[in-house]
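Heads up: the structure comes next, in structure tokens.
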Amino acid sequence: MRHHRVLRIVSKLLIPFIVLFALYVQFHGDFGPGGGFQAGVIFASAFILYGLIFGLENARKVAPPAVVTRLVAAGVLIFAGTGYAGLFGGGNFLDYGALRADPVAGQHLGIMVIEFGVGTTVAATMITIFFLFAGRER
Amino acid sequence: MIFTLIDIALLTFMGATAFAILRLRSLFAVVMLSGIYSLLAASMFVALDAVDVAFTEAAVGAGISTVLMIAVLALTGEREKTPAHTPLLPLLVVILTGAALVYGTFDMPAFGDANAPVHLHVAPRYLHDSFAEVGLPNVVTSVLASYRGYDTLGEVTVIFTAGVAVMLLLGGRKGDDAGIKQQPVDEDGDDRRADSKDLDGSGGAA
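Chains as they are written, first to last, in this note's numbering: chain A, -1 to 136; chain B, 712 to 917.
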């Protein structure tokens, strides 16, 4: 698809907005529809679009597989780590209220962090699966 | 009235798409139609006021899985073989299962019934107290991330496991760049030998 000028230019214009929309869905999930799952998928779709139009090699330069595969695990660790942070704060596992002195502020912080973890794992997994499927030779 | 019409139109389109998917033997067309089916399902979720689910369905079902299926098509063929056996037995099984499921819905409360059991147990607490307890205007996020945080951790683990499984199945050998091959493998035999040695070792230890 390297020679399709219209596709290249349109996707070049679209990709920043897709990433921006993903970040909006990620951090606005507390107030509107959305959250880590949806944001992660949208974020990954920007990279997948880039990979489709500009080739897998270029996409691997933008999102190095060594980094992306580690992010798959990092998201789960962030989520579970927030749970343990609640334990150390004197609450139960995944009790965000114990993260701060004010329980509601703690809940807000905890949800923000775990949604970030969810988004990281989902986006990294989707990108990895795409790389593996698209990089396979016949 | 208008919502009934929208529901009928969406269901008709979904039925027609599903039937076309069944009949077509060109896999490329089937992949495109399943993307359309997901988009229709996402519209259905919007009509049911489940915007979060619609979001996910549109992004995963219509977007990413379509891309992945096309990537798979590039590895396999584009035509589905005509099945050798008659479709009568599978048809019978599907009809019986469908009839059982429809029969099961007779016991369910009407759609949107405020007195349905699901709306009487914990839902009132979520709706009344979650803003004081969690402080988020979006109750869905409060439930998913806080009240049911343990379940969500499980869901993320499922996605993690799926990613790891795909890496194990399609990735290359240890020491490759994160398991993503730069060139075709030519040492399949070596891999297998190493694997069986590992299995023997663990068996002996156990």
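All C-beta atoms in this analysis are idealised placements derived from N, C-alpha and C, irrespective of residue type, glycine included.
Since the structure is predicted, the reported quantities are computational estimates derived from the model, not experimental observations.
Residues of chain A whose Cβ lies closer than 7 Å to the Cβ of B/Tyr861 are, in chain order, Leu92. Only residues of its own chain outside the window of five on either side were considered, and among them Thr728, Ala731, Ile732 and Leu735 have a CB closer than 8 Å to the CB of B/Leu744, listed in chain order.
Residue contact with chain A for B/Leu864: present (Cβ-Cβ distance below 7 Å to some residue of chain A). Contact annotation: B/Ala769 and B/Ala753 have beta-carbon atoms nearer than 7 Å. Within the segment 818 to 860 of chain B, the runs of alpha helix (DSSP H) at least 4 residues long that lie entirely inside it are, in chain order, 834 to 844.
The segment 844 to 853 of chain B and the segment 36 to 52 of chain A do not touch, with fewer than three beta-carbon pairs separated by less than 8 Å.
Contact of A/Gly79 with chain B by beta-carbon distance below 9 Å is absent, the smallest such distance being about 11 Å. At a cut-off of 7 Å between beta carbons, B/Val764 makes no contact with chain A.
Here B/Ile806 is exposed. Its C-beta has fewer than 16 other C-beta atoms within 10 Å. The Cβ-Cβ distance between A/Met124 and B/Ile775 falls below 7 Å. Residues of chain B whose Cβ lies closer than 7 Å to the Cβ of A/Val120 are, in chain order, Ile870. Under the Cβ distance rule, A/Gly33 counts among the residues neighbouring chain B, one pair being separated by less than 7 Å. Per the coordinates, the alpha-carbon of B/Leu759 lies some 15 Å from the alpha-carbon of B/Met725. DSSP places A/His106 in the uninterrupted alpha helix (DSSP H) bounded by Pro101 to Ala132. Counting C-beta pairs closer than 8 Å gives three or more between the segment 74 to 81 of chain A and the segment 856 to 868 of chain B, which meets the contact rule. At least one beta carbon of chain B lies nearer than 7 Å to the beta carbon of A/His106. Annotation for B/Asp763: the continuous alpha helix (DSSP H) segment containing it runs Val762 to Thr767. Taking A/Gly115 as the centre and dropping the five residues before and after it, the same chain places the C-beta of Gly73, Ile76 and Phe77 closer than 6 Å to its C-beta, in chain order. Rounded to whole angstroms, the Cβ separation of A/Ala44 and A/Val17 is 5 Å, and the two are in contact under 8 Å. Shown here, B/Arg790 sits in a strand according to DSSP, grouped into three states. Take the alpha-carbon of A/Ala64 and the one of B/Pro820: they are about 51 Å apart. Look at A/Val70: its C-beta is under 7 Å from a C-beta on chain B. Contact between the segment 101 to 119 of chain A and the segment 26 to 33 of chain A is established, with three or more Cβ pairs separated by less than 8 Å.
The contact set of A/Ser43 on chain B, defined by CB atoms closer than 7 Å, consists of Ala770, Gly774 and Ile775 in chain order. With 16 or more other Cβ atoms from the protein chains shown falling within 10 Å of its own Cβ, B/Asn849 counts as buried.
Note that the C-beta distance between A/Ala42 and A/Gly49 is not below 7 Å.
Your pair A/Ile127 and B/Gly874 checks out as a contact, with CB atoms roughly 6 Å apart and the cut at 8 Å. Burial state of A/Phe129 is buried, judged by a 10 Å Cβ sphere holding 16 or more other Cβ atoms.
Taking the beta carbon of A/Phe128 as reference, the chain B residues within 8 Å of it are Ile775, Val778, Leu779 and Ala782, listed in sequence order. Not one beta carbon of chain B lies nearer than 7 Å to the beta carbon of A/Arg98.
For a Cβ distance threshold of 8 Å, residue set Asn849 and Thr852 of chain B lies close to A/Gly27, ordered along the chain.
Listed along chain B are Val778, each with a C-beta nearer than 8 Å to that of A/Leu50.
If you look at A/Glu55, you'll find it in the alpha helix (DSSP H) that goes Leu54 to Val60.
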